[in-house]
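Numbering (my numbering), first residue to last: 235 to 754.
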């Protein structure tokens with residue numbers, strides 16, 4: 235598939251959605267009487283009220299909150315918990331719950347209610363269930379967590395959006411979350427799965443508030459459509475607009491652009507169980523065929539995003555300057571494949587033992603640069619004799635193929651700090667026998683040395699020993715490349731000039747809408 239063909243197809247897809255986008259402003263403008271309405275367009279559909287599937291849909295806009303939060307430098311800070319302490323071996327953690335918390339249904343949120351929420355949800359949480367919680371006790375307005383074994387990063391795991399705290403009224407008779415009722419600065423007023431939410435200011439929230447009274451929150455999966463919404467000024471915040479739209483957005487004079495670098499990597503998933511990738515030399519060859527600098531400069535429009543290693547510099551504790559950077563080297567890649575016994579055929583594509591060096595890469599258009607990156611890979615991989623086909627669909631198709639074993643390659647985007655310590659992501663993606671929902675982990679690959687280092691890190695509370703273990707973990711990932719980092723990521727946000735007080739969260743955990751004011 236040529237780049238022109240792919241671009242034209244996505245242009246047509248974007249045009250098909252413009253009718254819906256054209257109707258969007260009138261729907262967004264239907265504000266409740268009595269105060270300003272903030273309008274948000276963002277890529278991700280609200281697929282469920284289940285926090286394990288869609289927790290970020292309810293934490294980012296400030297509907298539900300977690301026990302701990304993280305500041306813009308990645309440091310842990312108070313949220314529903316206002317104090318914390320731990321015993322010497324990190325098996326008993328005490329958290330003092332704030333005394334001024336009120337759920338959106340008017341009921342108080344005390345330590346007892348927090349404990350009941352966690353006990354209902356913990357079995358489905360993405361990360362917190364891995365902390366080995368044996369018991370949650372309530373002592374006054376303190377929560378006391380007893381763990382099966384030492385767990386150093388426990389506080390980070392309390393930032394897990396699937397472990398947000400909800401009121402008893404959130405649950406249906408069957409025990410499922412029917413409608414999230416949280417403690418955040420905005421309450422859920424209307425929900426239209428999977429496309430939209432309407433939020434209303436929660437006046438009993440504990441902090442100061444800007445002028446926003448209501449929020450209209452819409453899922454707009456097509457990037458080109460989001461770009462057109464920003465160009466028209468038909469939303470106040472538009473997240474993840476395509477890089478090629480930036481100049482046109484700025485030229486209107488209606489919006490400004492913010493590009494915070496976030497702890498995210500666009501990564502190439504390989505099915506290491508398949509003969510094309512089971513040999514480490516083949517994975518290394520694919521890695522060396524990538525022209526990351528060209529992708530970062532030409533597609534991402536930011537040459538600093540070329541992923542020379544898995545973790546970006548924004549995660550300073552996990553980024554190591556002494557690691558030899560990933561770089562393009564077609565000659566070395568071809569030499570590795572020759573050594574591994576993959577021979578070129580008459581058409582230039584390699585084969586070994588009757589297996590063709592080929593496969594399909596699955597990706598999605600919610601992040602509009604991904605299909606374009608896949609097209610660039612098509613030509614780059616052909617230089618080493620790999621024949622790449624491209625499939626663009628729903629992002630869930632990658633994980634469905636991963637689970638049923640049919641995946642060849644997947645091109646996706648991975649948030650490395652869903653919990654502030656990236657060990658949460660590393661443990662789930664590289665050292666687990668199960669694949670959590672939405673995880674972008676390895677397929678058909680297992681390394682016992684790495685698993686040992688991860689297990690030691692999880693039990694460790696000493697900072698120096700943690701640093702040594704981080705270096706060992708990243709070294710194995712860098713050498714084995716079971717997942718190949720392509721580019722790091724800066725989130726492109728269009729901000730309406732009638733809005734003040736907004737600041738992009740580099741950790742993508744919250745929009746801080748309580749700080750925003752609107753004029754006009």
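Note that the Cβ used here is the ideal one computed from N, Cα and C, for glycine as well.
Review point. How big is the Cα-Cα spacing for residue 505 and residue 635?
Key: 10 angstroms
Practice item. Might you give, ordered along the chain, the residues of its own chain that have their beta carbon closer than 6 angstroms to the beta carbon of residue 258, omitting 5 neighbours on each side? Key: Note on residue 258: pLDDT 49, under 50, position unreliable in the model; the coordinate value appears next. Hits under 6 angstroms: none found.
Practice item. State yes or no: is the C-beta of residue 493 within less than 8 angstroms of the C-beta of residue 409? Key: no
Check your understanding: Would you say residue 577 and residue 585 are within 8 angstroms of each other, going by their C-beta atoms?
Key -> yes
Check your understanding: Mind checking whether residue 755 and residue 496 have CB atoms under 8 angstroms apart?
Key -> This structure does not reach residue 755, given that the chain is present from 235 up to 754, and the question cannot be answered.
Review point. Is the number of C-beta pairs between the stretch 714–723 and the stretch 447–466 that are closer than 8 angstroms three or more?
Key: no
Practice item. Would you grab the beta carbon distance between residue 539 and residue 530 for me? Rounded to a whole angstrom, and I think it's under 8 angstroms. Key: 4 angstroms
Point to revise | Distance between residue 711 and residue 659 (C-alpha atoms, nearest Å) | key: 13 angstroms
Review point. Any idea which residues DSSP pairs residue 450 with across the strands?
Key: 273 and 432
Check your understanding: Can the beta-carbon of residue 443 be found closer than 8 angstroms to that of residue 280?
Key -> no
Practice item. With DSSP collapsed to three states, give me the class of residue 290. Key: helix
Point to revise | Coarse secondary structure for residue 462, derived from DSSP in three states | key: helix
Review point. Hey, residue 684 and residue 707 are a contact pair by Cβ (cut 8 angstroms); roughly how many whole angstroms apart?
Key: 6 angstroms
Check your understanding: Which two residues bound the contiguous beta strand (DSSP E) that contains residue 351?
Key -> That residue, residue 351, is in no beta strand (DSSP E); its alpha helix (DSSP H) goes 345–355.
Check your understanding: Less than 8 angstroms separating the beta-carbons of residue 503 and residue 632?
Key -> yes
Review point. Looking at residue 461 and residue 489, is the spacing between their C-beta atoms short of 8 angstroms?
Key: no
Exercise for review: Within the same chain, show all residues whose beta-carbon is closer than 6 angstroms to that of residue 759, passing over the 5 residues directly before and after it, in chain order.
Suggested key: Absent from the structure is residue 759, since the part of the chain shown begins at 235 and ends at 754.
Review point. Terminal residues of the continuous beta strand (DSSP E) containing residue 391?
Key: Here residue 391 belongs to no beta strand (DSSP E); instead the alpha helix (DSSP H) covers 388–391.
Exercise for review: Please list, in chain order, all residues of the same chain as residue 620 whose beta carbon is under 6 angstroms from its beta carbon, the five residues on each side excluded.
Suggested key: 591
Exercise for review: Could you tell me which of 421, 648 and 668 sits nearest to residue 295, measuring between CA atoms?
Suggested key: 421
Review point. Do the stretch 361–379 and the stretch 280–289 meet, that is, are 3 or more Cβ pairs less than 8 angstroms apart?
Key: no
Exercise for review: Closer than 8 angstroms by C-beta to residue 624: which residues in its own chain qualify, once you throw out the five before and the five after it? Chain order, please.
Suggested key: 235, 240, 594, 595, 597, 605, 608, 609 and 612
Check your understanding: Counting Cβ pairs, one atom from each stretch, are 3 or more of them under 8 angstroms apart for the stretch 337–355 and the stretch 397–411?
Key -> yes
Exercise for review: Determine, using beta carbons only, whether residue 463 and residue 726 come nearer to each other than 8 angstroms.
Suggested key: no
Exercise for review: Would you check if the stretch 379–393 and the stretch 316–329 touch, i.e. whether three or more CB-CB distances between them fall below 8 angstroms?
Suggested key: yes
Review point. If you draw a straight line from the C-alpha of residue 439 to the C-alpha of residue 417, how long is it?
Key: 7 angstroms
Check your understanding: Leaving out the 5 sequence neighbours to the left and right, which residues in its chain are closer than 6 angstroms to residue 716 when beta-carbon positions are compared?
Key -> 506, 676 and 679
Check your understanding: Got a sec? Which residues, its chain only, sit under 7 angstroms from residue 687 by beta carbon, not counting five neighbours each side?
Key -> 703, 706 and 707
Practice item. Could you tell me the distance, in whole angstroms, from the CA atom of residue 448 to the CA atom of residue 272? Key: 6 angstroms
Review point. In chain order, what residues of the same chain have a beta carbon less than 7 angstroms from the beta carbon of residue 542, not counting five sequence neighbours either side?
Key: 559 and 560
Review point. When you compare only the Cα positions, how much space is there between residue 534 and residue 477?
Key: 6 angstroms
Exercise for review: Have a look at residue 508 and residue 718 and give me their C-alpha separation to the nearest angstrom.
Suggested key: 16 angstroms
Exercise for review: With a cut-off of 8 angstroms on the beta carbons, I'd call residue 741 and residue 654 a contact; round off their distance for me.
Suggested key: 7 angstroms
Check your understanding: Considering only the beta carbon of each residue, do residue 393 and residue 483 sit closer than 8 angstroms?
Key -> no
Check your understanding: Looking at the structure shown, is residue 744 part of a helix, part of a strand, or coil, going by DSSP?
Key -> coil
Review point. Under three-state DSSP, which class holds residue 500?
Key: strand
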